[in-house]
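Residue numbers (the working numbering): 16 to 598.
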RNA sequence: GGAUCGGUAGUUCAGCUGGUUAGAAUAUCGCCCUGUCACGGCGGAGGUCGCGGGUUCGAGUCCCGUCCGGUCCGCCA
């Protein structure tokens, strides 16, 4: 070993020891006759001291060390004259006897410090330098701990980690597939899995009973701060279970993770139906760290001569506690916020319930004090509160108000990243209609079981929208961290499902015959869940973006700016693969 | 596919309704400094204002196009 200790472990009790350390030069502080060098590795920072009057030659050597040089030093641990309480090794320093430069370094393009001066683009290009920074290193360490605790919990619960193939088959449902050409099978392509869904079901048919995998999944869709083209799931499946068993098992997992990694007890998770989530939060992944629930006002506000409300399918609002002091300017900004093209609201009606008990609304022309009192009653508002109301079509209005609610939550400081509010959202619709494609799509995926009492509705297209799925999402702080369902395990029902989704029997057989055939050989009742592991990590780490929890992430355009991929390939390679490009 | 914000020194940014030699901080280099840990002091170097076109006596600034990046909508079973 080129070291006897790491740069993070020496303490006052080690004083007097002869040690050898290796690491990177963080910074040096040169006083002419006295020079300090901070030596850094993964474990911490240790100060090296050089004194011109003790060893002039060595001190001159130390003065030539630049940032990020890799050096090995030997010396003696000594109690510091001036201690630094900010770092764990701050009580000691190393009186160096010898320095060996293991490698020199160019000046890095950004500072290797907690608060770097580098922009995202540059940090990604030099990701290996970025990872030297403590915040990124800590994020990757957090990910490691979560992965280890996940394996520990699931393994203790008799789950077996099984690897499934990465080169699989493209299917028409769901996200766009990444495809891989097959050289040995000219003109044919593998697809990378969007998830190991069918394989884990086949493992249940195979009698594995409890399966999990921390596994890469791939979706060729446009990206966001919390979406990467390749991402990691904690993928799980279990046999001989009902929904309650799955919810228990996996809120147990998340409880274990919070307990062991963050020392937090999240308690028992409440359940909320999809219908309630839509009605009270306008969102299938409600942020329940704060209330501010939707209040529907159709009965209260209609037929008073205000055309906007009278013509609206839905009039719905929220009550922002203590926000009556919002200025006209702030209210105008909120109006602009909901009128953004992405939200598309036509306007925002507000009513201030002032501290003195008076009510001032933006529609006083249509609603007198008595009418506004009814609003106050509907909202349960108290003096000092601000009522914000949107009107229009149901879906669009709920969506816009949901965004407004989150914005108000942020502005009022109700979205503390150190507070965690977890819940299950259950009873999703099985199917949703797609106007563009003119057909029904599975909201979760085509293998999701409907509620038994809703199965009959599969025979009547007029009732397709009413069918409830035996599906569930785990939501934490407004983030969908996981989702799953009880699966169909009957061939006839699965065939019926494909038929409902517009597949001919032949198409269904060609695409998913392997699964339906398997169901003929004794498939057990089963169900499962998959957690978005990257999102879980970012949530635990209190970050918005998942990128710092991935060692080598891709940018918004799906590019890796460090290795510069994707890239064009050689004509010879293309020819071998029987591929011609058109660009 | 669409909306929106940005691109100026190695880096992060400022640069007003167009007007003399494009600034700051930090990093970097040199000199000084024996207890710093955001060390300090003095001095220096560092710019094709993303790219192309246009308007103008004059463009970092205005217009058009384009490329790159961020955020969002669509999309993501």
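We put the beta carbon where it would ideally sit given N, CA and C, even for glycine. Quantities reported herein were computed from a predicted structural model and do not represent experimental measurements.
message: Is it buried or exposed, residue 8, if we count other Cβ atoms within 10 angstroms and call 16 or more buried?
response: Nothing about residue 8 can be read from this structure; the chain reaches only from 16 to 598.
- prompt: How would you call residue 163, buried or exposed, if buried means at least 16 neighbouring beta carbons within 10 angstroms?
  reply: exposed
- prompt: Is the segment 96-116 close to the segment 60-67, with three or more CB pairs under 8 Å?
  reply: yes
message: What does the alpha-carbon distance come out to for the pair residue 306 and residue 496?
response: 20 Å
- prompt: Anyone know if the C-beta pair for residue 378 and residue 364 falls short of 8 Å?
  reply: yes
message: Starting from residue 417, trace the alpha helix (DSSP H) in both directions and tell me its first and last residue.
response: 409-426
message: What does the Cβ neighbour count give for residue 342, buried or exposed, with the cut at 16 atoms within 10 Å?
response: exposed
message: What does DSSP give as the partner residue(s) for residue 449 in the beta ladder?
response: 454
message: Let's see if you can read the secondary structure: which residues bound the beta strand (DSSP E) around residue 463?
response: Segment: none, residue 463 is in no beta strand (DSSP E) and carries neither H nor E.
message: Cutting at 8 Å between CB atoms, please list the residues of its own chain near residue 95, excluding the five before and the five after it.
response: 62, 105, 106, 107, 108
message: Taking 8 Å as the threshold (C-beta atoms), are residue 416 and residue 501 in contact?
response: no
query: For residue 4, which residues from the same chain have a beta carbon less than 7 Å from its beta carbon, with the 5 sequence-adjacent residues on both sides left out?
result: This structure gives no information on residue 4, because the portion of the chain shown stretches from 16 to 598.
- request: Would you check if there are 3 or more beta carbon pairs closer than 8 Å linking the segment 272-287 to the segment 572-591?
  value: no
- request: Give the range of the alpha helix (DSSP H) segment to which residue 151 is assigned.
  value: 149-171
- request: Evaluate residue 413 with the Cβ neighbour count: other Cβ atoms within 10 Å of its Cβ, from every protein chain shown; 16 or more gives buried, anything less gives exposed.
  value: buried
message: Which of the three DSSP states is assigned to residue 536 in this structure?
response: helix
- prompt: Relative to the alpha-carbon of residue 33, which residue among 42, 65, 93 has its alpha-carbon at the smallest distance?
  reply: 93
message: Can you tell me where the alpha helix (DSSP H) holding residue 315 begins and where it ends?
response: 313-316
query: At what residues does the alpha helix (DSSP H) containing residue 392 begin and finish?
result: 384-394
Minimum C-alpha distance to residue 203 - residue among 222, 410, 182: 182
field: Element boundaries [beta strand (DSSP E), containing residue 247]
entry: 245-254
- request: Look up residue 375 in the DSSP assignment and give the residues it is bridged to.
  value: 367
- prompt: Per DSSP, what kind of secondary structure is residue 477 in: helix, strand or coil?
  reply: helix
task: Would you mind reading off the limits of the alpha helix (DSSP H) that contains residue 259?
output: 258-272
message: So, with DSSP's three-state summary, where would you put residue 561?
response: coil
message: Helix, strand or coil, according to DSSP, for residue 236 in the structure here?
response: coil
task: Decide if the segment 524-534 is in contact with the segment 476-488; the criterion is three or more beta carbon pairs, one per stretch, under 8 Å apart.
output: no
query: Are the beta-carbon atoms belonging to residue 248 and residue 548 less than 8 Å from one another?
result: yes
query: Taking DSSP as the reference, what is the three-state secondary structure of residue 68?
result: coil
- prompt: From 367, 384, 507, pick the residue whose C-alpha is nearest to that of residue 396; which is it?
  reply: 367
- prompt: If you follow the alpha helix (DSSP H) that residue 294 is part of, which residue opens it and which one closes it?
  reply: 289-296
message: Can you check which of these residues, 38, 17, 447, is closest to residue 23 by C-alpha distance?
response: 38
message: Closest to residue 144 by C-alpha separation, out of 41, 376, 294, would be which residue?
response: 41
message: The beta strand (DSSP E) that contains residue 341, what's its start and end?
response: It is not in any beta strand (DSSP E) - residue 341 carries neither H nor E in the DSSP assignment.
- prompt: What's the C-alpha gap between residue 456 and residue 214?
  reply: 22 Å
- prompt: In terms of residue numbering, what span does the alpha helix (DSSP H) encompassing residue 303 cover?
  reply: Premise fails: residue 303 is in no alpha helix (DSSP H) and is neither H nor E.
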